[in-house]
Amino acid sequence: MIMAKEIQDCKVTAIEIDPKALNIAKENATNHGTGDRIKFLCRDLKKEDWEGTYSMILSNPPYIASADIDRIMPEVQNYEPRKALDGGVTGMDFYRSIIPRAINQLEEHGFLILEIGHSQAYAVTALLNQASGFQKIEVIKDYSGYDRVVKAQKGALMDKIVIEGGRRLEGTVKMSGAKNAVLPVLAATLLTQGRNIIDGVPKVRDVTTMIKLLEGLGAKLESYHNEKIILDTCNANNPEAPYDLVSTMRASCLVLGPLLSRLGKAKVSLPGGCAIGARPIDLHIKGLQEMGAEITLEKGYVQGKVKKLKGTQFYFDTVSVTGTANLMMAAVLADGETVLENAAKEPEVGFLADILNLAGAKISGQGTDIITIQGTSSLDPIECTIFPDRIETGTFMIAAAITQGDITIENCVPQHVEPIILKLQEGQVGIEIEKNKMRVFAKGPINAVNAKTHPYPGFPTDIQAQFMALMTLAKGQSIIMETVFENRFMHVAELKRMGANISLDGHTAIINGVEGLSGAPLMATDLRASASLVLAALAAKGQSVISRVYHIDRGYVAIEKKLSQLGAQINRVK
Numbered sequence: 000m001i002m003a004k005e006i007q008d009c010k011v012t013a014i015e016i017d018p019k020a021l022n023i024a025k026e027n028a029t030n031h032g033t034g035d036r037i038k039f040l041c042r043d044l045k046k047e048d049w050e051g052t053y054s055m056i057l058s059n060p061p062y063i064a065s066a067d068i069d070r071i072m073p074e075v076q077n078y079e080p081r082k083a084l085d086g087g088v089t090g091m092d093f094y095r096s097i098i099p100r101a102i103n104q105l106e107e108h109g110f111l112i113l114e115i116g117h118s119q120a121y122a123v124t125a126l127l128n129q130a131s132g133f134q135k136i137e138v139i140k141d142y143s144g145y146d147r148v149v150k151a152q153k154g155a156l157m158d159k160i161v162i163e164g165g166r167r168l169e170g171t172v173k174m175s176g177a178k179n180a181v182l183p184v185l186a187a188t189l190l191t192q193g194r195n196i197i198d199g200v201p202k203v204r205d206v207t208t209m210i211k212l213l214e215g216l217g218a219k220l221e222s223y224h225n226e227k228i229i230l231d232t233c234n235a236n237n238p239e240a241p242y243d244l245v246s247t248m249r250a251s252c253l254v255l256g257p258l259l260s261r262l263g264k265a266k267v268s269l270p271g272g273c274a275i276g277a278r279p280i281d282l283h284i285k286g287l288q289e290m291g292a293e294i295t296l297e298k299g300y301v302q303g304k305v306k307k308l309k310g311t312q313f314y315f316d317t318v319s320v321t322g323t324a325n326l327m328m329a330a331v332l333a334d335g336e337t338v339l340e341n342a343a344k345e346p347e348v349g350f351l352a353d354i355l356n357l358a359g360a361k362i363s364g365q366g367t368d369i370i371t372i373q374g375t376s377s378l379d380p381i382e383c384t385i386f387p388d389r390i391e392t393g394t395f396m397i398a399a400a401i402t403q404g405d406i407t408i409e410n411c412v413p414q415h416v417e418p419i420i421l422k423l424q425e426g427q428v429g430i431e432i433e434k435n436k437m438r439v440f441a442k443g444p445i446n447a448v449n450a451k452t453h454p455y456p457g458f459p460t461d462i463q464a465q466f467m468a469l470m471t472l473a474k475g476q477s478i479i480m481e482t483v484f485e486n487r488f489m490h491v492a493e494l495k496r497m498g499a500n501i502s503l504d505g506h507t508a509i510i511n512g513v514e515g516l517s518g519a520p521l522m523a524t525d526l527r528a529s530a531s532l533v534l535a536a537l538a539a540k541g542q543s544v545i546s547r548v549y550h551i552d553r554g555y556v557a558i559e560k561k562l563s564q565l566g567a568q569i570n571r572v573k
């Protein structure tokens, strides 16, 4: 209403979740003479999209943590409806939902202005940095000196992927090295003094970010050519991992353990990455504290110091891949024995342990839920070749199925994708397996299949979105349950825009297969959601334009080129 009052020629869309509050707003607008220039809508922006693009988006969202509402002033509790206050467990639910979508609703150089709680500035600005389309992010204080508003501006136009769907994919495609394997190996180079040589490195955005981070810590990148990195860590003596890099990638927290081990101190900005939930690093911090480190959280940074890490016995309350990797690296040069219980069994964790052992570490039990590390005095430089990416492999397996195609996938590890193989075979997809190669082909219509995500060796959460895209076209009803991460159904709204029949109930998605999908303008919200939209667009009738594809560049090497070689009509444009 203030905007309509102050800027005479502007048009405003006002959105409110509560019908009674909306009616009061309409009355106020009429009283102030602005009712004719305001369009009022009653919607829940966490669940529904809104039309059009805007020069400015302003919001005073619910940002109070659920547990804190009963402790606020009675006059607020008694006046405001709870849904106007309740921001979920951390108070961040609305921001996590709205920020990734707002970038597509803003005109170029438009502004997003959000009211925040006085302790939320760091978390909200981190989400804006993760969205990668925002610039000039600014925190504004209120008259009492508390952080109260975050303002951000949409930057210049970004790449989009345009797909003309309906083409059957055929041919042979080679998988790249595993992103989730190379990132911890790069972090592990901080445990060495010398020239580390890593081959099979995928040229994806997250790898570039990790290299920049290591360079900022003092490492020297001697070469990055033909998938081979040569990295000298002799002078990696800076303990601070800055916000501008760490905020864009969650895996950057992997340097915390190695820095404490190498330097006895570390200052690492709290991590960012995909906007798919809180994904805290509590377990990393708790484990390092049990190894003797003093850890504090100050102004968005994890700060640690220790004379010498000591071995310990640590139980992970929940399975954590990065947590297991971080503590394993920290324990390699610690005094004594460390035992990690309920450890992650992922191939990437086992690979890291094997590579560290080749460099002189003493690790056993990798691949099981109990990993034992005997501390040693030093490590030799790392030299290794990264194994193929199992998530990229699974994505291209689904690409064959969803397009009724026939694809031979080379340079893959079939045993790493066994849960995906079994689910696709259950859906009547043909799969022929050789040592490092698979042929995946459609045998007819896909049958509906249920899936439930679990840590390895269960069905991978990083394939959930892609598998859901396939199930939208399957015969019958399928149920997909997400048990690993919260807020990982952000692709559902976009799939529904294409005609998918999906309903959500908490962490469960119910999909009723439809005969076909239609091309549509789409917006990627995270790495794997991006891949699911690409897959759906390949099978859809007509053209789809996918925005914010920088997400997909974080984890896939030239995906449009690989798909084009298989017969897809796909292009990257500005």
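Numbering (numbering that gives the first Met the number 0), first residue to last: 0 to 573.
Glycine residues also receive a C-beta, built at the ideal position from the N, C-alpha and C atoms.
Item	Value
Host beta strand (DSSP E) of Ile97 (start-end)	Taken as a continuous stretch (DSSP letters only), Ile97 belongs to no beta strand (DSSP E), being part of the alpha helix (DSSP H) at 92-104.
Range of the contiguous beta strand (DSSP E) that encloses Asn195	194-198
Nearest candidate by alpha-carbon position, reference Ala400, set Ala447, Asn500, Glu293, Leu111	Ala447
Pairwise C-alpha distance: Val161 and Leu494	16 Å
Alpha-carbon spacing of Tyr242 relative to Leu253, whole angstroms	14 Å
Straight-line gap, Met55 to Leu111 (C-alpha atoms, nearest Å)	6 Å
Rounded separation between Lys306 and Ser260 - CA only	9 Å
Nearest-angstrom Cα separation, counted from Asp92 out to His31	32 Å
Contact the segment 504-520 vs the segment 541-555: 3+ CB pairs below 8 Å	yes
Helix, strand or coil at Gly286 according to DSSP, with G and I counted as helix	helix
Sequence-distant residues of the same chain with beta carbon closer than 6 Å to Glu336, five excluded per side	Gly310, Gln373
Through-space distance from Leu326 to Gly286, alpha-carbon basis	7 Å
Backbone CA spacing between Leu472 and Leu190 [nearest angstrom]	48 Å
Ala523 - DSSP class collapsed to helix/strand/coil	coil
Separation of His506 from Ile57, as counted between CA atoms	The residue you asked about is not Ile; residue 57 is Leu in the sequence shown. Those two C-alpha atoms are separated by around 30 Å.
Presumed contact (8 Å Cβ cut-off) between Arg167 and Thr402, rounded CB distance	5 Å
Check whether Gly498 and Leu516 have beta carbons under 8 Å apart	yes
Bridge partner(s) assigned by DSSP for Thr207	According to DSSP, Thr207 bridges with nothing at all.
Alpha-carbon spacing of Thr12 relative to Leu213, whole angstroms	46 Å
CB contact flag (Ala265, Leu182, <8 Å)	no
Start-to-end residues for the alpha helix (DSSP H) that takes in Lys38	Premise fails: Lys38 lies in the beta strand (DSSP E), 37-41, not in any alpha helix (DSSP H).
Three or more C-beta pairs below 8 Å linking the segment 138-155 and the segment 117-129	yes
Same chain, Cβ closer than 7 Å to Ala324, neighbours up to 5 away in sequence not counted	Pro183, Leu253, Val348, Leu351
Endpoints, the beta strand (DSSP E) within which Ser363 is located	361-363
Where Ile275 falls, given that 16 or more other Cβ within 10 Å makes a residue buried	With a pLDDT of only 38 at Ile275, under 50, the local geometry of the prediction cannot be trusted, and the value read off the model is given with reservation. With 16 or more Cβ atoms within 10 Å of its Cβ, Ile275 is classed as buried.
For Cys383, three-class secondary structure by DSSP	strand
Secondary structure of Asp17, DSSP reduced to three states	coil
Contact set for Pro444: own chain, Cβ-Cβ below 6 Å, skip 5 residues either direction	Lys474
Arg553 versus Asn27 - alpha carbon distance	47 Å
Own chain, CB closer than 8 Å to Ala360, minus 5 neighbours either side, in chain order	Val331, Ala352, Ile372, Thr375, Leu378
Reduced DSSP category for Tyr555 - H, G, I as helix; E, B as strand; rest coil	coil
Cβ neighbour criterion (16 or more within 10 Å) applied to Ala343	buried
Residue environment, Val483, which counts as buried when at least 16 other CB atoms sit within 10 Å	buried
Beta-carbon spacing of Pro99, Leu84 below 8 Å	no
Lys153 classed as buried or exposed, judged by whether at least 16 other C-beta atoms fall within 10 angstroms	buried
Gly272 - DSSP class collapsed to helix/strand/coil	Confidence at Gly272 is low in this model, with a pLDDT of 43, below 50, so its placement is unreliable and no value can be given for it.
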